[in-house]
Amino acid sequence: MPPNFFQKPETALKRAQELIQVGKESDALDTLHDTIKARRYKQWTQTHEQIMMKHVELCVLLKKPHVAKDALFQYKTLTHQVAVKSLETVIEHFLQMAEQKTEEAQKTSIEKVEEIDDLDQGDVPETLLLSVVSGAAAQDRMDRTVLAPWLRFLWDSYRNCLELLRNNSQVEQLYHRITRKSFQFCSRYQRRTEFRKLCELLRLHLNQIQKHHICFVCRVKLSSADSLSMMQETRLCQLDTAIQMELWQEAYRSAEDVHGMMQLSKDKDKRMVKPASYVNYYDKLALVFWKAGNSLFHAAALLQKFIIYKDMKRSFTADEAQEQASRVLLATLSIPDGADAPSDLTRHLDIEDQHLTNIRLLSNLLRLPIAPTRAGLLKEAARLGVPEMASESTNALYKLLENNFFFPLLLKKCQPLIDRPDHLQYVDALNEVVATKALKQVPVIYDSISWARVRKIIPFYNEMELERLVVDVSKHRFVKAQIDHRSGCIRFGAADATLAGGVDLEEANGFTGDDTQLGVEGIRTHLEVMYNKLRSTIELLDGDKRTEALIARRTKNSKQETDRILERRRKIEYYKETSERVKAERSQQAAAELAKREEAKRAEEMKRLEQENIESEKRRRQAEQEEVQRKIKQDQLRRMQNTAIYQAIVREKGEQVFKDMDPEAVLREQRQRLDKERMETQRRLQQQDKTFDHHVRAVHLEEMLERKSIMSRRLEEAPKLHEKYEQRRIQKAIDDHTAAVNIWERLEDVREEAMDWMEQVKTANAEDFARKVGSDWKTKLSAVRAARLQERAEQRKKERREKWTRVRLPPSCAARCAQVVCFQGPGRREMDIDSKAMADSDWRRGGPERPSLSNRPIPSRDRGRDSADRPPMREREVNAVIP
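So the sequence shown is numbered by my numbering: it starts at 1 and just counts up by one.
Right under this line is the structure:
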């Protein structure tokens, strides 16, 4: 049986349909796959699209994504120049089939679980043990059994299609549609790992577009506005999916991707990125920052959104303005103190540079030139009139917290404003801010305060939460405090042994938290103030004497002091320059060494990865080749089962021997058997030829005898046949003559009438005839006569010249002419006559020479009359026939 590699596409499609009808889908898929990979038919036709449709259906049915990938790559090579629409149709059909099968698997999984749950009997011991061992519910186990294979197949299909369509502008729209379908797949089935892999794949494709400028016509160009727009929409969809799946780390990376695409679009044309896109971007970025607990950049993102929204809709309604302004103001008020400063852990680990780098990256995401701060955001909000645009409750809360906050009187006023329904998102953050402000102002009035009193001052925290808040405030050095659990109070001051340094005090409204503290710390402060004031008094009383002494000493030591100061300044500058230069050199050297190590490490890693990729690719190719060889071997052995060699080997050696044999050994066995049969057939044919020659010779002898008898019979019958033929000929001539006589008799009856009619015609045309015969004929006759007379005159003139020449010729010339005539001989005239005859014959055969009209004889007029006296040819023939 011939292999499928060289089947025509139409034949392969028909064969595959026949195999599907008998239930051999795998064989049908192999047939179609071999046809797609065949190098003989590389011109696309409509049949190839039908083959691919059937091929992808079988791949989905048999769950073979790698076979579908191979076929799609082959089909892309076949259609990328002539039928890109066909490739899109095939891919969409393939993904539609895969999605349909996945949905059906999901429904089947749910239905099977419902069938189990609908049973009246309780859980059997086997089910209980399985649930305890696996730790999963019945639905999870059913999903892993029924749904997971189809989810894996659909994910492989999406990934293979994206790899197929990447960096090709002809199918760029399909590429982005499939990407968005992949996001929907991850969101619907909660495939977090696949979503991360998909995001990495998209970043890899973008890096390949940016770095590797592939030289072909259809590559994706980042200078195209349509391409950048589609990429930006896809990245926004990626950010939405990450937020829906609550993958906040991936959402942040997606926000970076969106920012990068916006920067590319902005570099191309500033008008490409619409303000609505920025509004959507800042809104989602604010949500990501809020989920990450970064309230500072959350407020900054909302403020940027408010600015763009205000510029985009200059006349936006009061409700929209109030909603946006209230949200911005609440987000800004909910920023805790010290949010823009590095944490204690950052300072202790000495990674402040990394902290600043992160702050700059976040600022770049928000398109801010400098890092935002709480005070800066409040100042910008006040400049834009945000408090006036916000709702009354939000504006009142802003005034209480930022302008005249004093906890004994106004804390109860803040609580109703915070607990409003439109402030639900920021309730916890606002409570923390208010509690922190209250704790920072309590030491202004109290040296110590009972725990019950603190609970009344801050009523929205329970005891454990309030204790944690006090510890956090002390840890961040806003207040020096310690909790005395024995006395049930909080003590403020320097007795807090847990603090490692001084207090970072916040300057607000002209006072600090430690201005009125008593005890050891207060006494130390007052002594310092007293010392400074007494020293100032002494300087005022003895100022003149001290001034005169200083002037005298100055005058005495001015030169030395000046030189000493200049020398010291020079040394300091030299030391600073040397230190800076050494520090710069060390920094450059360290940076160079670090870069060199990083480069070496990167090169080593790249080399290792390339080596691993090469080895894995070799292993994969070797495995594929072995698998292909195994399949080819099985296919060849399966095809050989329908041949005579299979029957012969099984009959002689057994079926197991045939299965263990190599196809090449089977072919050698077949060739040996065929050679043996061919030799036997040749020997038999030679024997048959020898027998056939004797038979043919005998037949020829009999044939010769039969031919002689037939010839003798024909000779005997020939006179009779000739007599019959003559009788038929004579009878036919008599009949023809009789018919001609009858016709002549019928015409004789109308002879007189015809003659009369002819006379009438002659009479009617006599004048015209006379005119034509008289004038025209005479003109022609005179012209011919003149031509002939001219010709005769020329001939006579020529003859007279020749005669004169002969008379006047000298005797020597005459003798020479006579010698020429004698030399030519008497046959010269006959030769001339022969040459004229040959010329005439050449002219009749189409030669170049023709007799002129003037040399032709004019026919005589009597010739026509002589020929008219003869009877017609028909009458002569009839008279000759009649005896």
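From the three backbone atoms N, C-alpha and C, an ideal C-beta is built for every residue, glycine too.
When the Cα atoms are used, K583 and Q249 turn out to be separated by approximately 38 angstroms.
A direct Cα-to-Cα measurement between V171 and Y75 gives close to 14 angstroms. Using a Cβ distance threshold of 8 angstroms, Q238 and F183 count as a contacting pair. DSSP lists C489 as the beta-bridge partner residues of D484. With at least 16 other beta carbons inside 10 angstroms of its own, A28 counts as buried. Rounded to whole angstroms, the separation of the alpha carbons of K101 and W150 is 7 angstroms. Per the coordinates, the alpha-carbon of R569 lies some 40 angstroms from the alpha-carbon of A375. L154 places its beta carbon 8 angstroms or farther from that of A83.
A check of alpha carbon separations from Q190 across E610, L333, L397 and E246 identifies E246 as the nearest.
Residue pairing from DSSP leaves S391 without any beta-bridge partner. Counted as a single uninterrupted DSSP element, the beta strand (DSSP E) harbouring I449 occupies residues S448 to S450. Counting along the chain, V56 sits inside the alpha helix (DSSP H) bounded by residues Q46 to L62. Going by C-alpha positions, E163 is about 32 angstroms away from V279. Ranked by Cα distance from H93, the options I449, Q210, L78 and I51 are led by I51. About 4 angstroms separates the beta carbons of A390 and A325, which is inside the 8 angstroms limit, making them a contact pair. Three or more pairs of CB atoms, one per stretch, sit closer than 8 angstroms, so the region 430–441 contacts the region 329–341. Counting along the chain, G260 sits inside the alpha helix (DSSP H) bounded by residues W248 to K268. R751 and E759 have their C-alpha atoms spaced approximately 12 angstroms apart. For K14, the uninterrupted alpha helix (DSSP H) run begins and ends at P9 to Q21, by DSSP.
If you draw a straight line from the Cα of R203 to the Cα of M230, it is about 15 angstroms long.
S223 sits in coil when the DSSP states are folded into three classes, being neither helix nor strand. By the Cβ rule, the region 378–392 counts as touching the region 317–324, because three or more pairs are nearer than 8 angstroms. Here T234 is near T179, since their CB atoms are less than 8 angstroms apart.
Here the C-alpha atom of R553 lies approximately 12 angstroms from the C-alpha atom of K545. Unbroken alpha helix (DSSP H) runs of no fewer than 4 residues, entirely contained in the region 542–577, are not found. For S536, the secondary structure class from DSSP, reduced to helix, strand or coil, is helix. Looking at the backbone, the Cα of K42 and that of Q21 are separated by about 28 angstroms.
For S487 and H526, the gap between their C-alpha atoms comes out near 29 angstroms. By the beta-carbon neighbour count (other beta carbons within 10 angstroms, threshold 16), P459 is exposed. Here M530 is exposed. Its C-beta has fewer than 16 other C-beta atoms within 10 Å. In the DSSP assignment, S775 falls outside any alpha helix (DSSP H), carrying neither H nor E. Residue range E172 to Y189 is occupied by the alpha helix (DSSP H) that includes Q184.
Burial check for K533: the Cβ neighbour count within 10 Å stays below 16, so the residue is exposed. K305 sits buried, since 16 or more C-beta atoms from the chains shown fall within 10 Å of its C-beta. DSSP places C218 in no alpha helix (DSSP H); its state is neither H nor E.
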